[in-house]
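Protein chains in written order, with the UniProt record's numbering: chain G, 1 to 201; chain R, 1 to 201. Virtual Cβ for every residue (Gly too), placed ideally from N, Cα, C. Contents: one structure, followed by commentary.
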């Protein structure tokens, strides 16, 4: 085959492909506030949520963040996003339940945290809300799943919500518009490499 | 069981759990420049890379970004990160090969783009490099995988590199320290919802 024939064949194949892709894009024409769940054991759940914050800020949107669980306050994401004027950042956790070792206190902390989230879920001025590591308080029984689902359902119609954490409950995934399971194919941590600034914290 | 007994039992169980978690953290004590690959069909690959940029900036690190493929320049991530002084942002693509429909031009564009990346991979002042959607020029044959792997291998030892895109080549995953496969459990796009600012672009 000559180069010209190869070029022509590539063009024809790509024209057919483009028609298919364009038709599928044309079919997807609705907008709404999305509920996204990022779960699984792989790296990238929280960082993906933080990337969506950057995207939202680039469009002039307002963002609210609630970090459950996290006890440390020296992370890069917090330092960076607290400097941005359109971000409200709440750290609502005191660490994992094996750090605190006190179930009553964990539950009370999570419940107080959820009241903060409820205020955000009633505020149509917030275009995107990130509930980082919310799956853990659900899994540990500190928060009631029915209450959480109900509050999510009654949020403003154009408000996006991103929820991260391992082992997302089935009912939460059913309620979500988009669910990604991040599968851990290989992880530097298992090769003896510590959590590093810019990548993991 | 009384409340006090339950509290005590929870504490003991969590003390044992904490000892296990702490030991595993203590074993992971190395630092090095990581190569991360974020692949799979699920949502969250590029946004995870952008979240790591935010983390890195929060730690005062310098970041270089090369976006392959992407033809549009109205994305939130680009608008937002171009405002940040420690970020160098390159858009190196002209769209998917079914958009351009010209294999020679696609190849030439990708090769020029890789020269830009090579300069970043030789610059130890850049702490994190994001090669967004690099898997596509590899898959379409516009770039030589051997060259790419060789250049990655010879980068500065503390430089982190994050590569995103579907269908990452096996050899790239083998070279990586961390590989996450983002699995598409459910996607709003399939339910007729268009790509939305702050979430998808």
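- The beta-carbon distance between residue 124 of chain G and residue 85 of chain G, rounded to whole angstroms, is 19 Å. This is too long to meet the 8 Å contact definition.
- Measuring C-alpha to C-alpha distances from residue 61 of chain G to each of G/129, G/154, G/155, G/145 identifies G/129 as the nearest.
- Proximity of the stretch 180-197 of chain R to the stretch 3-14 of chain R falls short of the contact definition, fewer than three beta-carbon pairs being nearer than 8 Å.
- Contact with chain G is absent for residue 70 of chain R, since none of that chain's Cβ atoms lies less than 8 Å from the residue's Cβ.
- Contacts with chain R at 8 Å (Cβ-Cβ) do not include residue 163 of chain G.
- Bounds of the alpha helix (DSSP H) holding residue 138 of chain G are 135-139.
- Taking residue 90 of chain G as reference, the option from G/63, G/183, G/15 with the minimal CA-CA separation is G/63.
- With its beta carbon at least 8 Å from every one in chain G, residue 170 of chain R lies outside the interface.
- For residue 141 of chain G, none of the residues of chain R pass the 9 Å Cβ criterion, the least Cβ distance being about 11 Å.
- Residue-level contact check: residue 93 of chain R does not touch chain G, since none of the beta carbons of chain G fall below 8 Å from its beta carbon.
- Residue state for residue 49 of chain G is assigned as helix, using DSSP reduced to three classes.
- Annotation: the continuous beta strand (DSSP E) that includes residue 66 of chain G extends over 63-67.
- Sequence-ordered contacts of the stretch 182-200 of chain G with chain R read 182, 183, 184, 185, 186, 187, 188, 189, 190, 191, 192, 193, 194, 195, 196, 197, 198, 199, 200 [C-beta pairs closer than 9 Å].
- In chain order, 38, 130, 132, 162, 164 place their CB closer than 7 Å to the CB of residue 49 of chain R, counting only its own chain and leaving out the 5 sequence neighbours on each side.
- The continuous alpha helix (DSSP H) containing residue 100 of chain G extends over residues 97-100.
- By the Cβ neighbour-count rule, residue 109 of chain R is buried, with 16 or more other Cβ atoms within 10 Å of its own.
- In the displayed model, residue 120 of chain R falls within a helix according to three-state DSSP.
- Residue 89 of chain G is bridged by DSSP to G/65.
- Taking the beta carbon of residue 98 of chain R as reference, the chain G residues within 7 Å of it are 14, 17, 18, 21, listed in sequence order.
- Chain G places no beta carbon closer than 8 Å to that of residue 113 of chain R, leaving this residue out of the contacts.
- The CB of residue 103 of chain G comes closer than 9 Å to the CB of 6, 7, 10, 11, 14 in chain R, given here in chain order.
- At a C-beta separation below 7 Å, residue 179 of chain G has these neighbours in chain R: 185, 186.
- According to the DSSP assignment, residue 94 of chain G belongs to no beta strand (DSSP E), since it is labelled neither H nor E.
- Annotation for residue 36 of chain G: the continuous beta strand (DSSP E) segment containing it runs 35-39.
- Exclusion of the five residues before and after residue 171 of chain G leaves 145, 149 as the residues of its chain whose Cβ lies within less than 7 Å of its Cβ.
- Of the candidates R/92, R/52, R/81, R/77, R/52 places its Cα closest to the Cα of residue 78 of chain G.
- The stretch 182-189 of chain R makes contact with the stretch 181-193 of chain G; the number of CB pairs closer than 8 Å reaches 3 or more.
- For residue 1 of chain G, DSSP records no beta bridge to any residue.
- Residue ranges of uninterrupted beta strand (DSSP E) with 3 or more members, entirely inside the stretch 125-178 of chain R and ordered along the chain, are 128-132, 160-164.
- In this structure residue 175 of chain R is in contact with residue 152 of chain R, their Cβ atoms being roughly 7 Å apart against a cut-off of 8 Å.
- Here residue 114 of chain G is near residue 143 of chain G, since their CB atoms are less than 8 Å apart.
- Contact of residue 67 of chain R with chain G is not assigned, every C-beta pair being separated by 8 Å or more.
- Secondary structure note for residue 189 of chain G: it is in no alpha helix (DSSP H), with a DSSP letter that is neither H nor E.
- Nearest CB-CB separation between residue 42 of chain R and chain G: below the 8 Å threshold.
- Interface annotation, residue 59 of chain R: in contact with chain G, CB-CB separation under 8 Å.
- Taking 8 Å as the CB threshold, residue 108 of chain R stays off the interface with chain G.
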